[in-house]
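Numbering-wise, the working numbering puts 242 at position 195 of the sequence shown, and it's gapless, one number per residue. By construction, the Cβ of each residue, glycine as well, lies at the ideal position given by its N, Cα and C atoms. Keep in mind it's a predicted model, so treat the numbers as computed, not measured.
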Amino acid sequence: MPMPNLLDVQLRSFEKLIEKEADLEEQWDFGLDRVFAEIFPISDVNENFTLEYVTASLGDPKYSVEECIERDMTYAAPLKATLRLVVWERPQEVEEGEKPKPVKDSDGEKRPGDIIEKEVYLGDLPLLTELGTFIINGAERVVVSQLHRSPGVVFEENIHPNGSKLHSARIIPFRGSWVEFSIDINHICYVHIDKKKKFPATALLRAFGYGMDADIYRLFFTTKMVNPMAVDKQGNKEILGNVLVEEIVDRETGEVLVEESTEVDEDVVELLERDGRKKVKIYTSEQEAGRDSPIIKNTLRKDPTTSEEEALSAIYSLLRPGDAPNMETARAAIEHVFFNPKRYDLGRVGRYKINKRLGLDIPAHEAVLTKEDFIEILRYLMELSEGRGSTDDIDHLGNRRVRTVGELIANQFSVGLSRMARLVKERMSINTDPEKINIDDLVNA
C-alpha cells in the first residue's frame, strides 16, 4: 500500500478557506465568504446606514516563495472585499431632541436614499506553500492541527449514590450557547443554558410554541381507549397514573367534570365510575405496556409555567436577569440564542452528528438548532431512562475532530472582523452626515 500524502489534509483545508463556492450546501464551515456573511451586514444603532458584504477576492502574491525566503519577507496575497454602503432615506424635518430615523414605505420597508459600492483593501493573507508551511518574514512556519470536542449531541450516564442511573444530554455547538438536559432522581428533566440556573424542560417546549400540556403530551405519546374499571394482577385500577386526553363532560348538565391532560388518581376513577364511563382515551407510548416513561408527566407537574407567555417570561428572566421582559423581547432573545445563524452555529459536522444520532433528515447547511432537535433529544432521554438506546463516551476519538489550518485561520479572521464591525458601528454613530460618510473612512480609518 503506497504512503498517502500526509500534507493533503492541510492543503485541501486551505483551498476550502479561499475558494469561492456558490452552492450553499457545498460551502464548508470556514470559507471566507461564510466568515464575512456571519459579520455582515453592519448597521448603526438608529439604522441610518448599513454596510453590506458583496464579494471578496484574493490577488496574486508579489514575490515567489524563494524570493520571500531570500528577502526575509512574508509570502502573502492582498485580500480585497467589495462592500456596499446603503444610506437609508431620512425625513426632512425632525423634532427637536429626536434622532433621525429611516423613512419606511407602506409595506414597512426602509427606502434607500443612496447606495455606494467600493472595493477596499483589507490586508495581506499569508498563503500556504506546497509543503504545507507559511513563510513569515523569511522563516518557514507551520500551523499545528488541533484535536478538540466535536460539535453535535452527546448522551451520558451517571450513577446516583443510591445506585440509580441518571441520564443527561449535551448539545455542543461550533459557536454559541451550550445546552444541557439532565434527569434527576425524581424523573424530572431540567435544562441548563450556558450553565445558568436550571428550569424544567417542558418550559422550553412551551416557549417554542407548545403552550398547553396537551400540546406537549401529543409530541411524545400516542393515544388509546381503555376501560377505566379494568384492574391489573395486583387488583389496582390499570388507569391510575395515566393522563386523560380529553375532558370528561357530564352528559346531562354539560359541566366539565375532569379537565383534559389530568392525571388519573383515585378521585378521578371514582368520578368516572359514578358517571358510568365504559371507555376513556389516555396517552400511551408506542413501546410495550407498562413501560411508559414518567419523565414528561413529572416534569409538567414540576413546571411552574402554564402557557407560552409565562414560559417566555421565565426563561428570559434567566437569560437576562434584571431586565423587565415583554413577549416580543423575550421571544427575540430565545430566537437569538438558538435560531440566529450569526450567534449560533453547529457547523456541517455538528448537524451531521445530530442527524445521525437522532435519525433526523435536516439539510447539512441548516447550522442552527431546530425545534425537532430538542424534541428528539428529549425523546431519546426518555428511551434511555427506560433501558433502551446507548450513551456516548466523550473521550472516544469518534467524538473528537481535527481542526485543520483553514478552520484555525478562519476563526482568527472572524475575531478580526468582529473587532472591525464594532469600530464601523462606532464610526457610523459618530458620523451622522450622509453627505460626508464613505466606506474608506468606516473600514480603514
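- Message: For ASP533 and PRO247, which I take to be in contact (beta-carbon distance under 8 Å), what is that distance rounded to the nearest angstrom?
- Response: Examination of residue 533 is not possible in this model, given that the chain is present from 48 through 492 alone.
- What residues in its chain sit with their C-beta under 6 Å from that of ILE422, if we drop five residues either side in the sequence? LEU266
- Message: When you compare the CB positions of HIS234 and SER332, do they come within less than 9 Å of one another, or not?
- Response: no
- Item | Segment limits, alpha helix (DSSP H) that includes ASN458 | Boundaries of the alpha helix (DSSP H) harbouring ASN458: 452 to 477, taken from the DSSP string.
- Task: List the residues that DSSP assigns as beta-bridge partners of THR102.
- Result: THR129
- Message: Can you tell me whether VAL303 is helix, strand or coil according to DSSP?
- Response: strand
- Message: Quick check on the DSSP output: the beta strand (DSSP E) that includes GLU177 runs from which residue to which?
- Response: For GLU177, there is no enclosing beta strand (DSSP E), as DSSP gives it neither H nor E.
- Item | N- and C-terminal bounds of the beta strand (DSSP E) containing ASN205 | For ASN205, the uninterrupted beta strand (DSSP E) run begins and ends at 199 to 206, by DSSP.
- Message: Rounding to the nearest angstrom, what Cα-Cα distance links GLU99 and GLU294 in this structure?
- Response: The alpha-carbon atoms of GLU99 and GLU294 are separated by roughly 55 Å.
- Which residues in the same chain as ALA123 place their Cβ atom closer than 7 Å to its Cβ, once the five residues preceding and following it in sequence are excluded? PRO108, ASP171, LEU172, PRO173, LEU174
- Any beta strand (DSSP E) of 3 or more consecutive residues that is wholly inside the region 194 to 271: 199 to 206, 212 to 219, 226 to 230, 236 to 240
- Task: Mind checking which residues open and close the beta strand (DSSP E) that includes GLU187?
- Result: 186 to 188
- Task: Mark GLU355 as exposed unless 16 or more other C-beta atoms lie within 10 angstroms of its C-beta, in which case mark it buried.
- Result: buried
- Query: Cβ atoms of ILE206 and VAL226: under 9 Å apart, would you say?
  - Reply: no
- Message: To test your reading of the DSSP string, which unbroken alpha helix (DSSP H) runs of 4 or more residues are found completely within the region 401 to 451?
- Response: 418 to 432
- In whole angstroms, what separates the C-alpha of THR479 from that of VAL415? Straight across, the Cα-Cα distance linking THR479 with VAL415 is about 35 Å.
- Cβ of VAL327 within 9 Å of Cβ of ILE286? yes
- Can you name the residues that DSSP bridges to ALA124? Partner residues in the beta bridge of ALA124, as assigned by DSSP, are LEU172.
- Query: Is the region 180 to 187 touching the region 425 to 438, taking contact as three or more C-beta pairs under 8 Å?
  - Reply: no
- Query: What's the call for SER432, buried or exposed, on a 16-neighbour Cβ count within 10 Å?
  - Reply: Taking a 10 Å sphere around the C-beta of SER432, we find 16 or more other C-beta atoms and assign the residue as buried.
- Query: Taking the Cβ atom as the reference point for each residue, do ARG131 and ILE162 lie within a distance shorter than 9 Å?
  - Reply: yes
- Message: Let me confirm a value: THR249 is counted as buried when at least 16 other C-beta atoms fall within 10 Å, else exposed. Which label applies?
- Response: buried
- Message: At the level of alpha carbons, what is the spacing between THR417 and ILE329?
- Response: Cα to Cα, THR417 sits roughly 29 Å from ILE329.
- Could you check if THR121 is buried or exposed, using at least 16 other CB atoms within 10 Å of its CB as the buried criterion? buried
- Task: Express the C-alpha separation of ALA261 and VAL311 in angstroms, rounding to a whole number.
- Result: 15 Å
- From which residue to which residue does the beta strand (DSSP E) around PHE87 run? Careful: PHE87 lies outside any beta strand (DSSP E) and carries neither H nor E.
- Task: Could you give the DSSP three-state label for GLU310: helix, strand or coil?
- Result: Of the three classes helix, strand and coil, the one that applies to GLU310 here is strand, per DSSP.
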